[in-house]
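Numbering (our numbering), first residue to last: 1242 to 1443. I have placed the structure first, in the form of structure tokens, so that the comments after it can refer back to it.
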């Protein structure tokens, strides 16, 4: 699988009821991702999301069926948010240093002015599900693996003689630490992490 977003958004559903259902699913999944960024995926429930959105639990259950399906939808929604705010803006720049710089800038902006209430969804859910086998862990792990692969490719275009996979791993770890620092109000550690990332791949 590839972390690059599609060049064009998928066409809207032709059937009105299906389109309405798709919009409802997207809104519920986004709210689920927002809740999970604070409380974790295990804290999600159909009733909890329904209550926040002013919907009936049965209506949410009709669209998702199970808590596990809602959790996996939250992972996909969080990924879409990250792509929209971090990856897609960088892709308008030509491949190479300009794109990598834009990617890092957007990445740090994403954690210092969080789109989701709890900051970086990936940081929260990796720690939560790293030792919990099952489809949700598989979805979280796959997203992380694909992101590291995408980041390594961007680094490789700038530093072809380096070890891009290692640099991607190190940069991701530093930004994860910066996300935690930001949530704790530690601006100095966020700045330190940015300096270290710049030294690694800037």
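Heads up, the beta-carbon is just placed ideally off N, CA and C, and yes, glycines get one too.
- In this structure, residue 1322 lies away from residue 1290, with their beta-carbon atoms at least 7 Å apart.
- Collapsing the DSSP output to three states places residue 1405 in a helix.
- Counted as a single uninterrupted DSSP element, the alpha helix (DSSP H) harbouring residue 1303 occupies residues 1298-1305.
- In this structure residue 1418 is in contact with residue 1434, their Cβ atoms being roughly 6 Å apart against a cut-off of 8 Å.
- A check of alpha carbon separations from residue 1424 across 1285, 1359 and 1381 identifies 1359 as the nearest.
- For residue 1341, the uninterrupted alpha helix (DSSP H) run begins and ends at 1338-1353, by DSSP.
- Annotated as distal: residue 1351 and residue 1385, with beta-carbon spacing of 7 Å or more.
- When rounded, the separation of the alpha-carbon atoms in residue 1408 and residue 1288 is 42 Å.
- For residue 1387, the uninterrupted alpha helix (DSSP H) run begins and ends at 1376-1399, by DSSP.
- With a cutoff of 7 Å on beta-carbon distance, residue 1285 and residue 1274 are scored as not near each other.
- By the neighbour-count criterion, in which 16 or more other beta carbons inside 10 Å mark a residue as buried, residue 1329 falls on the exposed side.
- When only Cα atoms are considered, residue 1313 and residue 1371 end up about 15 Å apart.
- Per DSSP, reduced to three states, the secondary structure at residue 1285 is coil, with no helix or strand assignment.
- Sixteen is the threshold: since fewer than 16 other Cβ atoms of the shown chains lie within 10 Å of the Cβ of residue 1303, the residue is exposed.
- Contact between residue 1395 and residue 1340 holds: their C-beta atoms lie close to 6 Å from each other, under 8 Å.
- Excluding residues up to 5 positions away in sequence, 1399 lie with their Cβ nearer than 7 Å to the Cβ of residue 1338 in the same chain.
- Exclusion of the five residues before and after residue 1267 leaves 1318 as the residues of its chain whose Cβ lies within less than 8 Å of its Cβ.
- Around the beta carbon of residue 1308, a 10 Å sphere encloses 16 or more other beta carbons of the protein chains shown; the residue is thus reported as buried.
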